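Chemist: The structure under discussion is supplied below as structure tokens; questions concerning it will follow.
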Amino acid sequence: SQRQFKALLTGDVKARHFCSPRAKVFSKGVAQGKLTGGCLTLLCRSLNTPYEIQTRNRILLIEDVNEPLYRVDGMLWQLKNAGMFKGIRGIVFGEMVNCRSQRKGDGTIKNILQDLFPKPKFPILTHCPIGHGKEVWTLPLETSAILDSESKTLKLKHCGVKMRA
14 SQRQFKALLT GDVKARHFCS PRAKVFSKGV AQGKLTGGCL TLLCRSLNTP
64 YEIQTRNRIL LIEDVNEPLY RVDGMLWQLK NAGMFKGIRG IVFGEMVNCR
114 SQRKGDGTIK NILQDLFPKP KFPILTHCPI GHGKEVWTLP LETSAILDSE
164 SKTLKLKHCG VKMRA
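Numbering-wise, the sequence shown is residues 14 to 178 according to this note's numbering.
Rendered as structure tokens:
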């Protein structure tokens, strides 16, 4: 939100704590690392280019909009096969706005994640307000953060902005 963005810019400590009661816990745990990520479609398009992101020791943010679930499934498998989940600390999925099954029986995001991560060793939180939803967290990338999936929180260690004199 604009209010949250302004609070982060001015260094308001309260603005560094994010909690989403509507989020869903896929895998419990606490992780610490720098935030990276973005739109799933663009993350896949950047693979093996100079714009590919680093995910090792990071908390990965993933969001997208208007993608059929079979494409979300394929893109997540593409990231996995490219090694993007190796050494990852945690994952925060956005609301995935209008990412739906094309037909009955196609499954859900949860089904996709169960196939992708049968025994995850890191916390995974889904349905968080990042991306294209009505409520959106302001999250500066490359900022150190702590993800606690059980309490559905993400805490920034600092505001992500350095003020210059």
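Beta carbons are placed, not taken as given, at the ideal position from N, Cα and C, and that holds for glycine.
Since the model is a prediction, treat every value here as computed from it, not as a measurement.
1) Given G144, which residues of its chain have a CB within under 8 Å of its CB, disregarding the five upstream and five downstream residues?
2) Can you check DSSP and say which residues form a bridge with D161?
3) Checking contacts by CB at 7 Å: is L60 closer than that to chain C?
4) Taking all protein chains shown into account, do 16 or more other C-beta atoms lie within 10 angstroms of the C-beta of L89, making it buried, or fewer, making it exposed?
5) Output needed for I125: all residues of its chain with C-beta closer than 8 Å, excluding positions within five of it in sequence on either side, in chain order.
6) So what does DSSP say about V85, is it helix, strand or coil?
7) Give the DSSP-derived three-state secondary structure of C57 in the structure shown.
8) Do S114 and V38 have their C-beta atoms within less than 7 Å of each other?
9) Are three or more beta carbon pairs between the stretch 152-171 and the stretch 30-49 nearer than 8 Å?
Modeler: This is what the structure holds:
1) C52, E76, D77, V78, G107, E108, M109 and V110
2) V43 and T166
3) This model lacks chain C altogether, as it is built from one protein chain only.
4) buried
5) L82, V85, D86 and L89
6) helix
7) helix
8) no
9) yes
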